[in-house]
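Undergrad:
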Amino acid sequence: MDLSIFKAYDVRGIVPDQLNPGVAARIAGGVMAATGGRTFVVGHDVRLHSRGLVEAMIEALVDAGADVIDLGLCGTEEVYFWTGHEDADAGLMVTASHNPAEYNGVKFVGKAAAPLSPDGMDAVRDWAASEAPLPTAAQPGRVRAPAHRAAYIDRLMGFASLEAVRPLHIVLNAGNGCAGPVVEALAERMPPQVRLSLVHGEPDGTFPHGIPNPLLPDRRQATTDAVRALGADFGVAFDGDFDRCFFFDGEGRFVEGYYIVGLLAQAVLRRSAPGTPIVYDNRMTWATEAAIAAAGGRAVVSRTGHVFLKRALREHGAFGAHGPLRGIGITVVRETPSFALYFGSYETLSRRLDPKREGIAS
């Protein structure tokens, strides 16, 4: 086994040379050994080799006597949500996010939808690389494949009261990744004055429009063009497993992540008690701290990395925002999905990203 596939918080490698069904089974065994768990949530992205890796994991877990909740094609956020929702011992998401097509990987979720700790990652790696045989139980576990999306959408809808919101038109570019079905399900729940226009919504592991990585300027054009052509208030582009998003103003211009972090923090603080802590990572600029203070919040700086951010969130009982590279990830504790924070902030974002209104686009 090539141990270089084990990164600080996840696994990433080239298929099949570094990552294949045999390696995936060993990783699943490592997670079971590291957590001592008996119930696991699994899901996968649209990559053509993702399902085969998941099936190898499921087989290893079930043979060892564990029960598995198989979400099938989904986003990383849905694995986080369902790990908390079902009180599962851990979650495994097979995805390489925005990496090139020959890559795949595994993201890990711990108990109560917490990230797996660095020590936990070390334990997974050490067991996977060991000579220990995959365990076999006298009584195999069971696999359940629930109709999972409705519960996730219900959770998202609980973050926004849209009946009285002004007319909104948002372009959402799924990049042929996992976000498309979620956007379609959300669109069915919108009031008449809220319109969601989906771009590249069909999940397609061949990525006909390129790997969904809006950090690359040439992957932004479709969102820019759609915002301009449709006259939308703003646009959002997701990466492959929709745990990061990227914003565009009402003229289709890409907006740097540190501005959005400040706006999202302000949106949260409008409905929070004075002094509510907002955790953000140390790659953000002084403007983030100023925006939080101006809105009555308390800025808490975290070490870079989602594991450290989420640890700080739990320590401070806070909301959190981080801007990996120039994308945005939003995380709140327990089973609250990050998609919900941008979803619940559409009104604020639309006012500030519309170039016809006072805001950062003016």
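When we follow the numbering used here, the leftmost residue of the sequence shown carries the number 52, and every step to the right adds one.
Note that the Cβ used here is the ideal one computed from N, Cα and C, for glycine as well.
Values in this document were obtained by computation on a predicted structure and should not be read as measured data.
Beta-carbon within less than 7 Å of residue 147's beta-carbon, same chain only, minus the 5 sequence neighbours each way: which residues are those?
TA: Counting from 1 along the sequence shown, the entry for residue 147 is found at position 96. Excluding sequence neighbours, residue 147 sits near 63, 98, 154, 155, 156.
Undergrad: Give the straight-line distance between the Cα atoms of residue 110 and residue 193, rounded to the nearest whole angstrom.
TA: As a first step, residue 110 must be located in the sequence shown, where it is residue number 59. As a first step, residue 193 must be located in the sequence shown, where it is residue number 142. About 10 Å.
Undergrad: Along the alpha helix (DSSP H) that carries residue 111, what are the first and last residues, could you check?
TA: The residue labelled residue 111 in the question sits at position 60 within the sequence shown. Where residue 111 is concerned, the enclosing alpha helix (DSSP H) stretches over 101 to 114.
Undergrad: Are the beta-carbon atoms belonging to residue 188 and residue 116 less than 9 Å from one another?
TA: For this step, residue 188 is matched to residue 137 along the sequence shown. For this step, residue 116 is matched to residue 65 along the sequence shown. For the 9 Å CB-CB criterion, residue 188 and residue 116 form a contact.
Undergrad: Leaving out five residues on either side along the sequence, give the residues of the same chain with a beta carbon under 7 Å from the beta carbon of residue 236.
TA: What you label residue 236 is simply residue 185 of the sequence shown in a count that begins at 1. Here the set comprises 200, 204.
Undergrad: Within 8 Å: the Cβ of residue 56 and any heavy atom of the ligand HEM?
TA: This structure does not include the ligand HEM; it has no bound ligands of any sort.
Undergrad: Do you know how far the Cα of residue 183 is from the Cα of residue 238?
TA: Start at 1 with the first residue of the sequence shown, and residue 238 comes out as number 187. Start at 1 with the first residue of the sequence shown, and residue 183 comes out as number 132. About 48 Å.
Undergrad: With three or more C-beta pairs closer than 8 Å as the rule, is the stretch 249 to 256 touching the stretch 219 to 231?
TA: yes
Undergrad: Can you give me the C-alpha to C-alpha distance between residue 254 and residue 198, rounded to a whole angstrom?
TA: Position 203 of the sequence shown holds residue 254. Position 147 of the sequence shown holds residue 198. C-alpha separation (whole angstroms): 18 Å.
Undergrad: Can you give, in chain order, each stretch of the beta strand (DSSP E) that sits fully within the stretch 131 to 190 and has at least 3 residues?
TA: 141 to 145, 154 to 160
Undergrad: Let's see if you can read the secondary structure: which residues bound the beta strand (DSSP E) around residue 328?
TA: Numbered from 1 along the sequence shown, position 277 holds the residue referred to as residue 328. Its beta strand (DSSP E) spans residues 328 to 332.
Undergrad: Does the beta-carbon of residue 54 have 16 or more other beta-carbons within 10 angstroms, so that it is buried, or is it exposed?
TA: By 1-based counting over the sequence shown, the position of residue 54 is 3. Classification of residue 54: exposed, given that the 10 Å Cβ count is below 16.
Undergrad: Identify every residue that forms a DSSP beta bridge with residue 94.
TA: Counting from 1 along the sequence shown, the entry for residue 94 is found at position 43. DSSP lists 144 as partners of residue 94.
Undergrad: In the DSSP assignment, find the alpha helix (DSSP H) that holds residue 79 and state where it starts and stops.
TA: Residue mapping note: residue 79 aligns to position 28 of the sequence shown, counting from 1. Looking at the DSSP string, the run of the alpha helix (DSSP H) that includes residue 79 is 72 to 86.
Undergrad: Are residue 301 and residue 326 close, meaning C-beta to C-beta below 9 Å?
TA: On the sequence shown, residue 301 is found 250 positions in, with the first residue counted as 1. On the sequence shown, residue 326 is found 275 positions in, with the first residue counted as 1. It is not a contact, given that the beta carbons lie outside the stated cut-off.
Undergrad: For residue 387, which three-state DSSP category applies?
TA: Working through the sequence shown from its first residue, we reach residue 387 at position 336. Because residue 387 carries a pLDDT of 36, less than 50, the predicted location of this residue cannot be relied on, and no value is offered for it.
Undergrad: According to the neighbour-count rule (16 or more other Cβ atoms, all chains shown, within 10 Å of its Cβ), is residue 3 buried or exposed?
TA: Since the first residue shown for the chain is 52 and the last is 413, residue 3 is missing from the structure and cannot be characterised.
Undergrad: Just to check my reading of the structure: residue 291 and residue 263 have Cβ atoms closer than 8 Å, yes? What is that Cβ distance to the nearest angstrom?
TA: Along the sequence shown, one-based indexing puts residue 291 at 240. Along the sequence shown, one-based indexing puts residue 263 at 212. So it is a contact: roughly 5 Å between Cβ atoms.
Undergrad: Consult DSSP for residue 308 and reduce its assignment to one of helix, strand or coil.
TA: In the sequence shown, counting from the first residue as 1, residue 308 sits at position 257. Note: residue 308 maps to helix in three-state DSSP.
Undergrad: Expressed to the nearest angstrom, what Euclidean distance is found between the alpha-carbon atoms of residue 373 and residue 357?
TA: By 1-based counting over the sequence shown, the position of residue 373 is 322. By 1-based counting over the sequence shown, the position of residue 357 is 306. Any reading at residue 373 must be qualified, since the residue scores a pLDDT of 49, below 50, and its modelled position is unreliable; the value itself is stated next. Cα-Cα distance, rounded: 8 Å.
Undergrad: Among 151, 191, 133, which one has its Cα closest to the Cα of residue 165?
TA: As a position in the sequence shown, residue 165 is number 114, starting the count at 1. The shortest Cα separation from residue 165 among 151, 191, 133 belongs to 133.
Undergrad: Quick one, which of 107, 143, 171, 145 has its alpha-carbon nearest residue 85's?
TA: Here residue 85 corresponds to residue number 34 of the sequence shown, with the count starting at 1. Among 107, 143, 171, 145, the Cα nearest to that of residue 85 is on 171.
Undergrad: In the DSSP assignment, what are the bridge partners of residue 357?
TA: Numbered from 1 along the sequence shown, position 306 holds the residue referred to as residue 357. Paired residues: none, contrary to the question.
Undergrad: For residue 258 and residue 227, I'd like the C-alpha separation in whole angstroms.
TA: Translated into positions along the sequence shown, residue 258 becomes position 207. Translated into positions along the sequence shown, residue 227 becomes position 176. Between residue 258 and residue 227, the C-alpha separation is close to 6 Å.
Undergrad: Start and end of the alpha helix (DSSP H) containing residue 215?
TA: The count along the sequence shown starts at 1 and reaches residue 215 at position 164. Residue 215 -> no alpha helix (DSSP H), and no H or E assigned at all.
Undergrad: At which residues does the alpha helix (DSSP H) containing residue 206 begin and terminate?
TA: Within the sequence shown, the letter at position 155 stands for residue 206. Segment 200 to 208, the alpha helix (DSSP H) holding residue 206.
Undergrad: Which residues in the same chain as residue 59 place their Cβ atom closer than 8 Å to its Cβ, once the five residues preceding and following it in sequence are excluded?
TA: Counted from its first residue, the sequence shown places residue 59 at position 8. Closer than 8 Å at the Cβ level, and outside the excluded window around residue 59, lie 169, 172, 356, 358.
Undergrad: Would you report the Cα separation of residue 268 and residue 338, rounded to the nearest angstrom?
TA: Taking the first residue of the sequence shown as position 1, residue 268 is located at position 217. Taking the first residue of the sequence shown as position 1, residue 338 is located at position 287. Rounded to the nearest angstrom, the two C-alpha atoms are 24 Å apart.
Undergrad: Taking the CB atoms as reference points, tell me whether residue 81 and residue 177 lie closer together than 9 Å.
TA: Here the question's residue 81 lines up with position 30 in the sequence shown. Here the question's residue 177 lines up with position 126 in the sequence shown. Result yes, Cβ atoms of residue 81 and residue 177 sit closer than 9 Å.
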